[in-house]
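K.L.:
Mind having a look at this structure? Questions to follow.
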Amino acid sequence: MELRMEGLTKDFKDFRAVDHVSCVMGRGVYGLLGVNGAGKTTLMRMICTLLKPTDGKVTWDGKDIFKMDASYREILGYLPQDFGYYPDLTVQDYMMYISSIKGLRPLTAKKRTEVLLERVGLRKLKKRKMRNLSGGMKRRAGIAQAMLNDPKILILDEPTAGLDPNERIRFRNLISELSEDRLVLLSTHIVSDVEFIAGEILLMQEGKFFLTGTADEIISGMDQAVWRCTVPRKAVDSYLGRYLVSNVKTVPGGAELRILADRPPAEGAAIEEATLEDAFLLYFGEKAGVDHDGKI
Ligand SMILES: Nc1ncnc2c1ncn2[C@@H]1O[C@H](COP(=O)(O)OP(=O)(O)OP(=O)(O)O)[C@@H](O)[C@H]1O
Ligand SMILES: [Mg+2]
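Residues 188 to 483 (the numbering used here) make up the sequence shown, in order.
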């Protein structure tokens, strides 16, 4: 079980969206983390053979995925970022419809649908129309359809977008469960989505993997420490201008700041344990966890 990318590159006219990405993936969860426009979707679409690379190649167990054709689609499951569901179909009919596109036999499709809807917690809602599902429920249906062919490679593009924090946690658990015997690659710009479930985190910026590793490896590679200090309220703006500040909390008489710096930013500053959120702030220069529409 080996998915290998070598020098994978995608140009859109004179714009390079993915720039010589090389990586080897096996069983487990891989978290592709990057800000809007980093190239996550473009990379995933190439791995799903929906987009032809400008350069480089992708192999599955040594075979070129673009030459594997149907035998590759059999082992691939994909939840697109803007996945199209059919609003008037019931959840069950939607699953049967996708099964027919994937070439599953009706009896197999029915069995898989039952099992998967149970697994994603939608069994009781199978007769409900897709249009009447909540955002989180739709995403679950999206994951269920991607799992219909019991894929070895499961690609989930922003599976948690727009979910509330509770749904997010349920989602993480579901994805962990699904990763037992397959490769799961999921993209997000929410650090906490991958911090605990992804064995390997791939930080993507401007089309490149500029840092990869476990959460601990990425955190321990930071060349700045994290400090906590309390400053007078009127000094906050000046700190925000001079330092990378990952959090501001109002406290009596001032504000408590969480600051990334290589030396104490204020008298009495105490060292705090760094998190992956801090690393994200350090490397991307912006805070993680802000959704497309500005929601946390
Ligand atoms: N078909 C296309 N034609 C031209 N440019 C494109 C095309 N698809 C993507 N791009 C550009 O490539 C870059 C990467 O886009 P991509 O969708 O892969 O980013 P992303 O990391 O998935 O972002 P997001 O977090 O917003 O989903 C962006 O600058 C985007 O505008
Ligand atoms: Mg995207």
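Just so it is clear, CB atoms sit at the ideal spot from N, CA and C, and this is done for glycine as well. None of the values given here were measured: they were computed from a predicted structure.
1. Spatial neighbours of G400 within its chain, please: CB distance less than 8 Å, with the 5 preceding and 5 following residues excluded, ordered by chain position.
2. Please state whether the Cβ-Cβ distance between L427 and V435 is less than 9 Å.
3. Using a Cβ-Cβ cutoff of less than 7 Å, which residues in the same chain neighbour V307 once the five nearest sequence positions on both sides are dropped?
4. For the candidate residues E443, L469, M255 and P267, whose alpha-carbon lies nearest to that of L390?
5. Using only CA atoms, which one of I342, D449 and D465 lies nearest to D403?
6. What is the rounded straight-line gap between the Cα of A385 and the Cα of Y217?
7. Restricting to Cα atoms, I'd like to know which of S363, K395 and A461 is closest to I405.
8. Taking 8 Å as the cut-off, does the CB of D201 come closer than this to any heavy atom belonging to ligand 2?
9. Given 8 Å as the limit, tell me if M192 has its C-beta closer than that to any heavy atom belonging to ligand 1.
10. Do you know offhand how far E354's Cα is from G323's?
11. To which residues of the same chain is V211 closer than 7 Å at the C-beta, ignoring the five residues directly before and after it?
12. What is the C-beta distance between L266 and D344, in whole angstroms, given that I count them as a contact (C-beta under 8 Å)?
13. Mind reading off the beta-carbon distance from K325 to M334? Whole number of angstroms is fine, and I expect it under 8 Å.
14. So G394 and D242 are in contact, right, with Cβ under 8 Å, and what is the actual spacing, rounded?
15. Do L373 and P346 have their CB atoms nearer than 9 Å?
16. Thinking C-alpha only, which one of I340, Q279 and P240 is nearest S258?
17. Does the region 270 to 286 come into contact with the region 295 to 310, if we say contact requires no fewer than three beta-carbon pairs (one atom in each stretch) closer than 8 Å?
18. Are the CB atoms of V268 and L304 nearer to each other than 9 Å?
19. Going straight from the alpha carbon of V413 to that of E459, what length do you get?
20. Please state the DSSP three-state secondary structure of M283.
21. Just to confirm the assignment, what range does the beta strand (DSSP E) spanning V307 have?
22. Taking only the alpha-carbon atoms, compute the straight-line gap between S209 and F397 and give it to the nearest angstrom.
P.N.:
With the structure as the only source:
1. E387, I388 and G408
2. yes
3. R327, I330, A331 and L361
4. L469
5. D465
6. 5 Å
7. A461
8. no
9. no
10. 7 Å
11. E189 and R191
12. 6 Å
13. K325 to M334, Cβ: 15 Å. No contact.
14. That belief does not hold up - the Cβ atoms of G394 and D242 are roughly 12 Å apart, past 8 Å.
15. yes
16. I340
17. yes
18. Looking at the sequence provided, one finds Gln at residue 268 rather than Val. Their beta carbons are not under 9 Å apart, which means Q268 does not touch L304 by this criterion.
19. 5 Å
20. helix
21. Looking at the DSSP string, V307 is not in any beta strand (DSSP E), and its letter there is neither H nor E.
22. 11 Å
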